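**Q** Taken in order, these protein sequences are the chains called X and Z. Each residue of the first sequence is one higher than the one before, starting from 177 at the first, in this note's numbering. Each residue of the second sequence is one higher than the one before, starting from 0 at the first, in this note's numbering. We put the CB at the ideal spot given by N, CA and C, even for glycine. These figures come from a predicted structure and were not determined experimentally.
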Amino acid sequence: MHAWGILLQLAALVAALSASCLAADNPKHEEKLREFFTKDGHTNNWAVLMCTSRFWFNYRHISNTLAMYRTVKRLGIPDSNIILMLADDMACNPRNKLPAAVYSHPDHDIDIYGENVEVDYRGYEVTVENFIRMMTGRVTPDTPRNKRLLTDDKSNIFFYLTGHGGEDFLKFQDAEEINSQDIADAFAQMRAKRRYNEILFMADTCQANTLYSRFKSPNVLSVGSSELGQNSYSYFHDPELGLTVVDRFTYVNLKYFEGVGMQSTKTFADLFSSYDTKVIRSNPRYDSRWFGRRLNE
Amino acid sequence: AEIDRPAAPIQTILQIPVQLELQWDGSAKPSDQEQSGDWRDRLERAVNLALATDRDQLETSGKLDVALIARVLEDGKHADIDQPGHYRIQVTARRRGSMQATPSTESTRLRVLKLFVPSTEDGGPTLPSLEKAVAEHLMGEQRQLRASISQHASSSAARLREFNYHPTYSIVFSLMNEDSDALETSWDIKDALKAYVYPFLKDISAVSRFHVQSQVSYYSPLPIAPVAGDNGTYLTPNMLPHFVNLAEWNLASTDPVLPTIHFILFVPKPKSLPMRIGGQKGSEGPVNGFLVPQWGGVVIANPSVLSGGGRTKRRHHFGVKELRPVMQTFIAQLRLLLGVREVGSASDTLVFDRVTPSGISTLELDNLIRYRLTQNVNQAASTLVSLNKMVASLQSMVVQNHIRDLANLALERLDAVSEHLERGQLVEAFSSSVEASSLAERAFFDPNMVGMLYFPDEHKYAIYFPFLIPAAVPVISVVLHRLKEWKQARLGKNCRANPHPE
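What follows is the structure, given as C-alpha cells:
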C-alpha cells in the first residue's frame, strides 16, 4: 500500500496582517440574519422509515412505520425527503377485513395508509443490500430519484427501523439479517463522504439497544426500545382485524409527537423523559455518546 | 488493483494569477516627499510583503519567498507612478524555484479587473491606503479560499445557504397563486427570463450550466396563517421555514440526480393582501422576499386589488416591467445560492467595479471560479483518500479494474489542474478540477463497491462446524478403525484376519 502524499495542510500564503475582513454584509445585518437561522448547521431534514418484516401477523410493524411516516410528514418533511420501505402490503392483503386501509388503533379513527402515501421500497425490494446501497449512495444508475438518499453535509436524517430483531441483528423478510456492525459501517461511510449532519437512529425491535452498540460515527443519537435479553411488546389488540396493531415503544413516541407542532421548541430531553417504562414494559435507552449537542437544546 | 501515484499537493492551488488594474483621475498625486520611482517600488514591495509566505523569513534573511509576485505596469511595461493615468498591478504566479513571474498569457490579460480611485479634494489617496487596499483584497480572497477547504464544516451564513457545487443545476420558476377564484394571475415569464435571467446564466456558464423551467400553480394553500396587521398581514421570522408548503405544492423534481433551485413568486389571496415579511412596519428592504438555504427563494407579490376604475380586479397579469424587481431579487438570491461572494469596497477611497448588466462582475466570477476550484480539488482528493482507506479496510471486497482506471484518471486531472494554474489558465484549470471531482465520485460510488457484509470468524465457525463435524464423524471413525487394524496387522496380533466363516 503506497502512502498518499496529499498535503491537506496549506502553506500559509498570507502574512499575519491584521486586515479587516472584506465582509460584504455589515455586522448589524449579519446579526439580523442570524436570528433566522437554526442553531446547528443543518438546512434540510430527511427520514428513512423501514419495516423489515412481512406476513399478515406482522401487521403491527407496517402500521408502526406508516404511523411514523404520517407524523414525519405532518411535521414538515416532504415526500421527496422521505424514504419509506415496507416489506409487505397490508392494505391490500387478502386477509385484511378492512381493505385499502391500515390502522394503528383499534378505534380505526385514522387511516394511516390513506390517499397520499408514497412507498419507495416495497415488498421484496426491502433487502439488506438495497438498504446498504441506499445509505452509502452506491445505487445503480437507473435508480429513480425517490429511491436515492440525496443527502449532503447539512442534512439531518431520522432513521426508524422496526421488525423482528435480536442481539446485534435485525431480520429482513424472514430470509436474511443485517448485523449491527453493518449499520455502523454504513454510517461510517456516510460520515466519510459527509452525507449527514446529524442522525437520529430509533429502533423498535426485540433487544433493540444492541443494534446501535457498534456505532462510532460522530453526531449520531440512538435510541432503542429494549435491552439485551428483553423483548419489545405490542400494544393494542384489534378484535376486528384479529391482531395487534401497534408496538408499545412506537406508540409512546407517536403519542408524544401528537402534541408537537411544526414550530415547537421541544427537545430530545423532553422526548426521552416522556418514556414511561410501565407502559412500554421494556427498558428503552438512548445513547448520546457520539452526539455533538446537549439533549436539552 | 493498486493506485500508486500521489496526488498533487493542494498548496499549489492558491498560486492563482490575478491582474488588477488601477485607474485614477486627475487630482490624485503622490505626496511631495516620495520620489515617483520610490513609490512604485514601495507599492510593489508592500503588496509582495502582504503575499509573502513567511514574514519572519523575510525579516531575518531579507529574501522574499512569495508565491505571487506583484509588479506595477503601464500598458505592459514598468512605469513610474508620477502622474495620473492608467496603471496596472500585475500579480502573477511564481514558477516554483524561480523568482521570475510566469509570462502572462492571453487569458490572463483578458481577466483585468478595475479598481476605481475617485478623486478627492485633499490630493487623493496616499500610498499606504493603496497598498493596504490591494493587499487586503488579495488576502481576503486567500482567506476565503483557505476557509473553504478547512476540515471543519463552517456554519457561517454563507456556507449554510449555498448549494454544493454541481456542474448542472435545474431551476424552476413557479407562480403560486393562493386563491385563483378570487384573483387570476399570469406572467410573461419567457420574456422576463430572456431579459433578466439569461444574461446572468450565460455569464456564469463558465462555472455551471442550468436547465430552466417554469410553472404556474392555481391553488397553492399556505401551511401557516399570517398574522393580521393594521394594513394587510405579515409573517414573523419563525413562520418563514414553514412557508413553503412542500406537502401540497408541486415542487418535486423528476431528474434522478440534478439539484434543483426553486424560485417562487407567491400571490396571497386578496383577503391577506398586502402580505409583508418582518413586523407591523413591513419588511426591511424594498423587496418582499426571502431565501431558503440550499433550496431557492420566495418573493411575495402584492398586486393591487383595485383596478384603475376603483373596482375589484378579477385578473392580474405580471408584465415584464413588473417582473423586473422580482427577477432582480431572484438573481440576487441565485448569486447567494451559487456561492458568489460580493466584492466589497476595499477602503473608503477604492471601489471595486462590480456593476454589470448581467448581475455578476468579472472579479466576482473569478472569485467564484477560484472558490469552486479549491472545493473541487479538495473534494476529489478527500474522496480518493476515503476510497483508498475503504479498499484497504474491507479485505473481502473485490475492486474491479475500471475503478482503478477511474482513480488514475482522477489523479491525472488533478495534476492537470496545477499545470494549468502554473500557466495562468484559470478556466481550463477549473474544468479539470470538475472532471477530477466527478471521476473520483464515480470511482467511490460505483455500484460494485459494496463490500461483503460483516462475516467474522465466530460466525464462520458457528455455521460450518455443525455441518462439518457430523459429516466428519464417520470419516474419522473409519480412519481410526483402519489405523488400528494396520497397527495390529504389523504387530501380528490380528487374530481376526480369518477368511469368512462358511
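Out of X/Ile375, X/Glu343, X/Asp423 and X/Asn257, which one is the CA nearest neighbour of X/Asn385?
**A** X/Glu343
**Q** Pick helix, strand or coil for X/Gln357, following the three-state DSSP scheme.
**A** helix
**Q** Could you tell me which chain Z residues have their CB closer than 8 Å to the CB of X/Gly266, listed as they occur along the chain?
**A** Correcting the residue type first, residue 266 of chain X is Met in the shown sequence and not Gly. Result: empty, since nearest Cβ-Cβ is about 23 Å, beyond 8 Å.
**Q** Could you check which residue in X/Asp329, X/Phe467, X/Gln357 and X/Cys382 has the C-alpha nearest to that of X/Ser373?
**A** Contrary to the premise, residue 373 of chain X reads as Asn rather than Ser in this sequence. Ranking the options by Cα distance to X/Asn373, first place goes to X/Asp329.
**Q** If we count the other Cβ atoms within 10 Å of its Cβ and call it buried at 16 or more, is X/His237 buried or exposed?
**A** buried
**Q** Give me whichever residues DSSP pairs with X/Cys227 in a beta bridge.
**A** In the DSSP secondary-structure assignment, X/Cys227 is bridged to X/Leu262 and X/Thr338.
**Q** Starting from the beta carbon of X/Ala368, find every residue of chain Z whose beta carbon is closer than 7 Å, and list them in chain order.
**A** Ser385
**Q** DSSP on Z/Asp161, reduced to helix/strand/coil?
**A** It should be pointed out that residue 161 of chain Z corresponds to Glu in this sequence rather than to Asp. In this structure, Z/Glu161 counts as coil in the three-state DSSP scheme.
**Q** So within the region 175-206 of chain Z, which uninterrupted beta strand (DSSP E) runs reach at least 3 residues, ignoring any that extend past its ends?
**A** 183-186
**Q** Using only alpha-carbon positions, find the residue among X/Leu251, X/Arg465, X/Val304 and X/Thr247 that is nearest to X/Asn395.
**A** X/Arg465
**Q** Who are Z/Gly288's beta bridge partners in DSSP?
**A** Z/Val298
**Q** Would you tell me roughly how many angstroms separate the C-alpha atoms of X/Lys347 and X/Gly341, rounded to the nearest one?
**A** Near 6 Å, if we compare the C-alpha coordinates of X/Gly341 and X/Lys347.
**Q** With 8 Å set as the bound, which would you pick, yes or no: does the beta-carbon of Z/Asp414 sit closer than that to a beta-carbon of chain X?
**A** Using a CB distance cut-off of 8 Å, Z/Asp414 does not count as an interface residue toward chain X.
**Q** When the distance is taken between beta carbons, is X/Ile308 closer than 8 Å to X/Val502?
**A** Any property of residue 502 of chain X remains undetermined from this structure, which presents chain X solely from 177 to 473.
**Q** What in chain X is Cβ-close to Z/Phe505, meaning under 7 Å?
**A** This structure cannot speak to residue 505 of chain Z, because chain Z is shown only from 0 to 501.
**Q** Does the CB of X/Arg470 have a neighbour CB from chain Z at under 8 Å?
**A** no
**Q** Between the region 421-438 of chain X and the region 359-367 of chain X, do at least 3 Cβ pairs fall closer than 8 Å?
**A** Verdict: no, contact absent.
**Q** Using the beta-carbon of each residue, which ones in chain X are nearer than 8 Å to Z/Val477?
**A** None at all; the shortest Cβ gap to chain X is about 37 Å.
**Q** Taking Cβ to Cβ, would you say X/Asn292 is nearer than 8 Å to X/Asn257?
**A** Taking 8 Å as the Cβ cut-off, X/Asn292 and X/Asn257 do not qualify as a contacting pair.
**Q** Chain Z beta carbons: is any one of them nearer than 8 Å to that of X/Gln439?
**A** yes
**Q** Starting from X/Tyr235, follow the alpha helix (DSSP H) in both directions and report where the run begins and ends.
**A** Counting along the chain, X/Tyr235 sits inside the alpha helix (DSSP H) bounded by residues Tyr235 to Arg250.
**Q** Per DSSP, what kind of secondary structure is Z/Leu21 in: helix, strand or coil?
**A** Legend: pLDDT at Z/Leu21 = 49, less than 50; position of this residue unreliable, no value from coordinates given.
**Q** Closest to X/Gly468 by C-alpha separation, out of X/Ser450, X/Met311, X/Tyr300 and X/Leu397, would be which residue?
**A** Closest option to X/Gly468, Cα to Cα, is X/Leu397.
**Q** Give me, in chain order, the residues of the same chain whose beta-carbon lies closer than 6 Å to that of X/Ala199; leave out the 5 immediate sequence neighbours on both sides.
**A** Confidence in X/Ala199 is poor, its pLDDT being 27 and thus under 50, which makes the residue's placement unreliable; the coordinate value appears in the next sentence. Closer than 6 Å at Cβ, skipping near neighbours: no residue.
**Q** Residues of chain X with CB closer than 8 Å to the CB of Z/Leu159, please, in chain order.
**A** Phe213, Gly217, Thr219 and Lys330
**Q** Z/His241 CB to nearest chain X CB: under 8 Å?
**A** yes
**Q** Decide if X/Ser458 is buried, meaning its Cβ has at least 16 other Cβ atoms within 10 Å, or exposed.
**A** buried
**Q** Check whether chain Z comes within 8 Å of X/Ile308, counting only Cβ atoms and requiring the distance to be less than that.
**A** yes
**Q** Considering only the alpha carbon of each residue, which of Z/Pro240, Z/Ser204, Z/Glu177 and Z/Ser173 lies closest to Z/Leu264?
**A** Z/Ser173
**Q** With 7 Å as the C-beta to C-beta threshold (strictly closer), list the residues of the region 382-412 of chain X near chain Z in chain order.
**A** none
**Q** Our contact map puts X/Arg250 next to X/Ile288 with C-beta atoms below 8 Å; I'd like the distance itself, whole angstroms only.
**A** At roughly 11 Å, the Cβ-Cβ gap does not stay under 8 Å, so X/Arg250 and X/Ile288 are not in contact.
**Q** Excluding the 5 residues preceding and the 5 following X/Asp350 in the sequence, name in chain order all residues of the same chain whose CB lies nearer than 6 Å to its CB.
**A** none
**Q** Which value, in whole angstroms, describes the spacing of the CA atoms of Z/Ala181 and Z/Val215?
**A** Those two C-alpha atoms are separated by around 16 Å.
**Q** Return the bridge partner residues of X/Asn332 from the DSSP annotation.
**A** X/Asn221 and X/Glu374
**Q** For Z/Gly75, count the other beta carbons within 10 Å of its own beta carbon; 16 or more makes it buried, fewer makes it exposed. Which is it?
**A** At Z/Gly75 the pLDDT is 42, less than 50, meaning the model places this residue with poor confidence; the figure from the coordinates comes in the next sentence. By the 10 Å Cβ count, Z/Gly75 comes out exposed.
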